[in-house]
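7 is the number of the first residue of the first sequence in our numbering; add one for each residue after it.
Just so it is clear, CB atoms sit at the ideal spot from N, CA and C, and this is done for glycine as well.
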Amino acid sequence: MPELPEVETVARGLQMTVAGRKIISVTLGKTDFIDNPAELEQQLPGQHISRIERFGKFMLVRLSREADGSNSATSGDSLLVHLGMTGHLSPHAAAEPFPKHTHVRFLLDDGRELRYTDARRFGRIAYLAAEHLLKELGRFGADPLEIGEAEFETLLRSHNSRIKALLLDQTALRGVGNIYADESLWRSRIHPMRIASNLSVKEARTLRKNLQAVLREAIALRGSSIIDFLDADGEPGEYQRRHRAYGRERKPCYRCKTGIRRAIVAGRSSYFCPKCQPAPRSARKRSKRRKTVTHRRKRTS
DNA sequence: CTCGATCCCTGGACGC
DNA sequence: TGCGTCCAGGGATCGA
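And the structure:
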């Protein structure tokens, strides 16, 4: 499940291996996850890949009509690529047979093919001219690695949603997904159902620090390989070995040995330590009768 | 504004 | 061995 660290890893790999190459042709398979497939076929051949960067969970393939994309002669057009859950983008020898679920093949001028494979097709590819790109990118929130303390504080204060939901909201912060949300909350001892605006100043600082630390450490280890994430060289990441909460249901908390719990928050599995990350009152089972019946009973299970 | 539900999609795990 | 069922989850969308 590619989140910020995994996408960063792939983008860096591609920057090393395919930046500067010219796209000769484009071959499409299934296109229901592509915004404008015909435009890919029309616009891409002849353009150069000037640079590959990460933007949230997107990869941004910057294109140029010139061989040297170093200056602003770049067309400004870009390919926006989201890996969804199971997307892969990596170069291969063009002669190598391509696997099932290979939906886009960019033939490069050095005999290789940049291939996009995605079994579930939860990903997205869009060819965007400069103006549309800016508009598209404008929908997203701050980069979690760049956001400052004051801005983070303001963000939390202005949302009454659960902190987990806020972390996952790409229009609030771009790039955080389920794994790193849970990991940063565990480190910060904050329950995923806490209301963002209710966090103390100290908690907000702690959370921002831990979120950034988790993301940086994960990038250094080339991401987490949970299901089938592989970097651009086809190598798995190592960060899954460092997970302290995510995927550890019933396993002992690394701090207090209490069994890690799993609950659905913001529609996603959320893992947390019930002792280190105390639940807010608002997280108690919501009953439609709660307004009138204020009884409390012993915790069940 | 915020929530949950639903859908998209396929493969892997699991039970029988 | 094979089949049915459930689950994973990023994101869009819709109704409450």
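Pick from the options that is closest to residue i, judged by C-alpha positions
i, options, result
"C282", "E255, K215 and R193", "R193"
"E119", "R130, A99 and R127", "A99"
"R145", "R247, F64, E12 and A25", "F64"
"R274", "G253, T212 and A132", "G253"
"R267", "H197, G229, K208 and A226", "H197"
"G117", "R126, H107 and P97", "P97"
"A219", "S190, R195 and M199", "S190"
"L123", "T212, Q48, I225 and F39", "In the sequence on display, residue 123 carries Thr and not Leu. Of the candidates T212, Q48, I225 and F39, the one whose C-alpha sits nearest the C-alpha of T123 is F39."
"P11", "A226, A44, S288 and E47", "A226"
"C155", "R211, G93 and I185", "The sequence given here places Glu at residue 155; Cys does not occur at that position. Ranking R211, G93 and I185 by Cα distance to E155 puts R211 first."
"S288", "E45, I201, A272 and L114", "I201"
"Q49", "R111, L134 and S56", "L134"
"R247", "A224, D115 and G265", "A224"
"G93", "I131, A178 and V67", "I131"
"K141", "D175, R111, S31 and D83", "D83"
Residue i versus residue j: straight-line alpha-carbon distance, rounded
i, j, result
"R250", "Y260", "7 Å"
"T37", "H107", "11 Å"
"A25", "A73", "11 Å"
"A187", "A269", "14 Å"
"V13", "G129", "12 Å"
"T160", "G52", "45 Å"
"T23", "P286", "48 Å"
"L139", "H109", "23 Å"
"A101", "H54", "21 Å"
"A44", "R214", "42 Å"
"D234", "N184", "Any reading at D234 must be qualified, since the residue scores a pLDDT of 46, below 50, and its modelled position is unreliable; no value is offered."
"L34", "L95", "14 Å"
Neighbour-count burial assignment, residue i, 16 or more Cβ in a 10 Å radius
i, result
"D164", "Per the sequence shown, the amino acid found at residue 164 is Ser instead of Asp. Result: exposed."
"R71", "exposed"
"N204", "exposed"
"C5", "The chain is shown from 7 up to 307; residue 5 falls before or after that span and cannot be answered."
"N166", "exposed"
"S276", "buried"
"M7", "buried"
"V207", "exposed"
"E9", "buried"
"G265", "exposed"
"K170", "buried"
"A136", "exposed"
"R111", "buried"
First and last residue of the uninterrupted beta strand (DSSP E) at residue i
i, result
"T123", "R118 to D124"
"G265", "Element bounds for G265: n/a, residue is neither H nor E."
"E59", "H54 to F61"
"Y133", "R130 to L134"
"R250", "No beta strand (DSSP E) holds R250; DSSP gives it neither H nor E."
"F278", "R274 to F278"
"T33", "I29 to L34"
"F64", "F64 to S70"
Continuous alpha helix (DSSP H) stretch holding residue i: start and end
i, result
"G19", "L10 to V24"
"R214", "V207 to A226"
"P43", "P43 to Q49"
Problem set entry | the region 58-65 / the region 9-29 touching (three or more Cβ pairs under 8 Å) | yes
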